[in-house]
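Below: the structure, in structure tokens.
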Amino acid sequence: MMSLCKFLIYLCRMLKLISPIFLILLFFNYSLLAQTTTKINGNIVDNSGKALELVNISVTGTNTGTVSDSKGYFELAFKGKSPVNLSFSHLSYILKDTSVFFVAGSEIVLNIILNANEKQIDEIKIIDEKSKERGLIKLNPKILNSIPIISGNQVQSFIKTLPGVASVNEMSTVYSVRGGNYDENLVYINGFEIFRPVLVQTGKQEGLDMANSDLISNIDFSAGGFAVKYGDKMSSVLDMHYKNPVDYKGAASVGLLGASIYGEGSSKSRKLSFLGGIRYKNSQYLLNSLETKGDYKPNFFDAQAYLSYKASDKFSIGLLSYIANNNYLFFPEDKTTSFGTVQDAINLFVDFEGNEIDRFSSVLGGLSFKYKLNRNLNMEFKTSVYTDNEELKYDIEGRYSLNQLDKQIGSDSFGDSILNLGIGSFINHARNYFEANIYNVQHKGSCTIKKHYLQWGFKYQNEHVHDKINEWQLIDSAGYSIPNTGQTIELANFYKSENQFTSNRYSAFILSEYKSGEGNGWNFEYGIRYQYWDINKKYNISPRVAGGFYPGYDKKLYLRFSGGVYYQSLFYKEIIDRSGVLYDNINSPFSINITASSDYDFLMFNRRFHLKAELYHKIINDIIPYSIDNIRIHYYPQKKANGYVSGIDFRVNGEFVPGVESWLSVSLMKSEMQIKKDTIGKQPFPNDHPVNISLFFQDYIPGNDQFKVNLALVFLSGLPFGPPMEDTYYAPLRMSAYKRVDIGFTAALKREGKISRSNFYNAFRYINIGLDVFNLLGIDNTISYNWVTVVPNSSSIESTIDGQYAVPNHLSARRVNLRLTVGF
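All residue numbers for the sequence shown refer to our numbering, where the first residue is 115 and numbers rise by one.
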């Protein structure tokens, strides 16, 4: 908690420094002539004359706004010149803008009629009833391009701000949910499961994730307690769907970190629609801020398209295609890292030779057929092919010197080395290759029988995997290799193996949703899931149940509980140890999840907000212990463990500022696991974050909403870690807390639907220019540690563990990004 307090104090100081700038902006944006109060009141109804409650009324370009009451009445007072533009918005009705002409100081009566619309076209989506009843968080994809993003992957950066979700690496797409690891998360696009690369070791090597924010229309997320219709993972599910375009339009974006372009449209008959996007990412500018200096040459590219053909009202076909080619070349030169305390300041200098050449390419093709037999029965058939080819190759030699620094203030040698703690050298070598071909076919169906909504499905998946690993490390410290036998040169680490196998996976589920009574009746959801994998020849049965109800007639509060069994489907990584031994008789880890949650809608500042709280407890058995090095996971399938994770998540979201959505997420958790037949004792999970706080806040300059600001703040308590030990997980220490603030500024040079004075601007739908400041506070966050061995003959050896210094690997420093986006 001390780290959190210091972080907040630091943030307040930074805000204090920049606050005069905002005061100046406020001064120039308020009109000195508008001193007389004008009042507008009236009633809002629908086409049938029914009074509409909770309609948002706002004065465009200002912070002034209100909400209609249960009788549809509203009252608004403001200072300004005639005319003003009033905006009336409601989740179930078409947005309406009205210009009002008035004499300053007068009182105006205004009656408004809103037209119903099933589409949720307003900018803010709090949560609909189905999302509440199914335990999902429904996210607004329009916000994706507002978040300041350093990795180029908007969706994952969006997810990282949700309760229970944690990530200590802004350069990577990986995230942990409620203490789980990155391999425990399900990701779908249009019902097709998305896979991650296997050999990636650091965020520097990682390219673009498949989810393209320009193409997405719907995002659902669950941090646990999800239904049996989703696949076999223990932690979370991210379910995304792409758009079904009706108009021709597109957009292009360019910045210091990459570029993208997309387009969409449909035929005149609206039967054929297309959607496509191309993205390019070059993180060289970002990587140059790291402590390791050298020649970085990253190039990441992907392209994808989605075609949809609606043959009739009952039958449609969809085709999803994707190709990615990610290359990472690196020629290191040197690295300087300072760490330790004020009393014991230490500096590591490393001089490098060699290079690293990595290539990751993947292709996905998916075909779907949907058939609606009648109003109550729907059928869907899908098939997909996924191909993955990966190469990880490096030969890097390093010579290092570890020195103690003089931190005596006033000393002539202040900041210089006063004691050499050790010198040495190392060679890191790898020739790692991985190939995978995954084919699957699946069927899903649904039907409505009175009050029951029944869903079912089955899936067959065939997997071909071939890997070849040749990786070793030689360490020479003070003239001898480590480990030192006195007779031969021993390698510190040596892994060489080759595995090739073909497997078949079968899964099926049946799910029933039942609603008792009308209005505030109970909602029940129960189902069972089955899975079989012919590698370990294990049958996994997962029953799950959930229920919820609205205790009040106004439906402002919804209470939900869920419980069930969640198996973690095994793949290549979990069943092969680092020596290449395949454990084909291993049990799948499984958890018994119990959750209780509440969703509450309320008014604050005369605006709508939503508060979600969820309490959970997971009992996890047959855990395959693992350790994490940067984003690389090392499994130890020869061992087993049992454990638990308990915690509580909170999220409040709504219009803290009228017209734009913001949210605050807070998570508290505790985890423990005990490795069987191990004397180490209970250990926290590798992704144990006792405290997780994240904030996403949007604002605009008063009087001019063309200029917006977006702030993303994250605080994560440090991960457990420990010295390297052979085939075990031992973490007696904690990393420093992960603290980060990113801020983005956006100016709309041309707003969509508005006419500009410039004919050039009018050639585009919209034009936005943005400025992002990443790591605003310039905090050195740590992602992992290198353990440097020294001869135990120095006075600072008490700072080591078994003669090893934990040297931190820091993440990116402060960087500024410029971006331009145009819509056409």
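Cβ atoms here follow ideal geometry from the backbone N, Cα and C, with glycine treated the same way.
These numbers come from a predicted model, not from an experiment.
Classification of residue i by the beta-carbon crowding that lies within 10 angstroms, buried from 16 upward
{"i": "I563", "result": "exposed"}
{"i": "M718", "result": "exposed"}
{"i": "Y187", "result": "exposed"}
{"i": "K130", "result": "For K130, the predicted structure reports a pLDDT of 48, less than 50, and the residue's modelled location is therefore unreliable. A value from the coordinates is still provided. K130 comes out exposed."}
{"i": "N299", "result": "buried"}
{"i": "Q457", "result": "exposed"}
{"i": "I333", "result": "buried"}
{"i": "S286", "result": "buried"}
{"i": "R619", "result": "buried"}
{"i": "N744", "result": "buried"}
{"i": "S476", "result": "buried"}
{"i": "A191", "result": "exposed"}
{"i": "L220", "result": "Looking at the sequence itself, residue 220 is Ser, so the reference to Leu does not match. S220 is exposed by the Cβ-count criterion."}
{"i": "F215", "result": "exposed"}
Where residue i falls: helix, strand or coil (DSSP)
{"i": "S288", "result": "Looking at the sequence itself, residue 288 is Val, so the reference to Ser does not match. Looking at V288 - three-state DSSP - the assignment turns out to be coil, as it is neither helix nor strand."}
{"i": "L322", "result": "coil"}
{"i": "L371", "result": "coil"}
{"i": "I700", "result": "coil"}
{"i": "E912", "result": "Because the pLDDT at E912 is just 45, under 50, the model does not fix this residue reliably, and the point stays unresolved."}
{"i": "P311", "result": "coil"}
{"i": "N295", "result": "coil"}
{"i": "D160", "result": "coil"}
{"i": "L190", "result": "strand"}
{"i": "L258", "result": "helix"}
{"i": "Q149", "result": "Note that Q149 scores 49 on pLDDT, short of 50, meaning its location in the model is unreliable; the coordinates nonetheless yield the value given after this. Coil."}
{"i": "N876", "result": "helix"}
{"i": "G937", "result": "strand"}
{"i": "S331", "result": "strand"}
{"i": "G390", "result": "strand"}
{"i": "G408", "result": "strand"}
{"i": "G559", "result": "strand"}
{"i": "Q89", "result": "In the structure as shown, the chain starts at 115 and stops at 938, and residue 89 therefore has no counterpart that could be examined."}
{"i": "S172", "result": "strand"}
{"i": "G345", "result": "coil"}
{"i": "G317", "result": "helix"}
{"i": "Q398", "result": "helix"}
{"i": "S203", "result": "strand"}
{"i": "D236", "result": "Note on D236: pLDDT 40, under 50, position unreliable in the model; no value is reported."}
{"i": "S926", "result": "coil"}
{"i": "S245", "result": "helix"}
{"i": "H803", "result": "coil"}
Cβ separation of residue i and residue j, assumed to be a contact under 8 angstroms, to the nearest whole Å
{"i": "F638", "j": "Y628", "result": "5 angstroms"}
{"i": "I733", "j": "A755", "result": "Contact doesn't hold; Cβ gap of about 12 angstroms is too wide."}
{"i": "T497", "j": "L481", "result": "5 angstroms"}
{"i": "L441", "j": "R393", "result": "This sequence places Asn at residue 441; Leu is not what is there. Not really, about 15 angstroms apart at Cβ, beyond 8 angstroms."}
{"i": "L276", "j": "R765", "result": "7 angstroms"}
{"i": "G391", "j": "S374", "result": "7 angstroms"}
{"i": "F540", "j": "Q587", "result": "6 angstroms"}
{"i": "N613", "j": "L696", "result": "6 angstroms"}
{"i": "A861", "j": "F821", "result": "5 angstroms"}
Run of the beta strand (DSSP E) containing residue i, from where it starts to where it stops
{"i": "L209", "result": "Y207 to V214"}
{"i": "L404", "result": "Looking at the DSSP string, L404 is not in any beta strand (DSSP E), and its letter there is neither H nor E."}
{"i": "M493", "result": "L491 to L519"}
{"i": "L433", "result": "F429 to G454"}
{"i": "N824", "result": "N818 to L830"}
{"i": "M783", "result": "V774 to I789"}
{"i": "T860", "result": "Y852 to K864"}
{"i": "V181", "result": "G179 to V181"}
{"i": "T793", "result": "Here T793 belongs to no beta strand (DSSP E), and DSSP marks it neither H nor E."}
{"i": "V55", "result": "Outside the displayed range of the chain (115 to 938) lies residue 55, so it cannot be described from this structure."}
{"i": "L276", "result": "Careful: L276 lies outside any beta strand (DSSP E) and carries neither H nor E."}
C-beta atoms of residue i and residue j nearer than 8 angstroms
{"i": "S779", "j": "S741", "result": "no"}
{"i": "F878", "j": "F938", "result": "yes"}
{"i": "A59", "j": "I583", "result": "Not covered by the structure: residue 59. The range shown for the chain is 115 to 938."}
{"i": "P255", "j": "S206", "result": "no"}
{"i": "Y376", "j": "L329", "result": "yes"}
{"i": "Y681", "j": "D346", "result": "yes"}
{"i": "V936", "j": "A366", "result": "yes"}
Start and end residues, alpha helix (DSSP H) containing residue i
{"i": "K687", "result": "Y686 to I689"}
{"i": "V269", "result": "Q268 to I273"}
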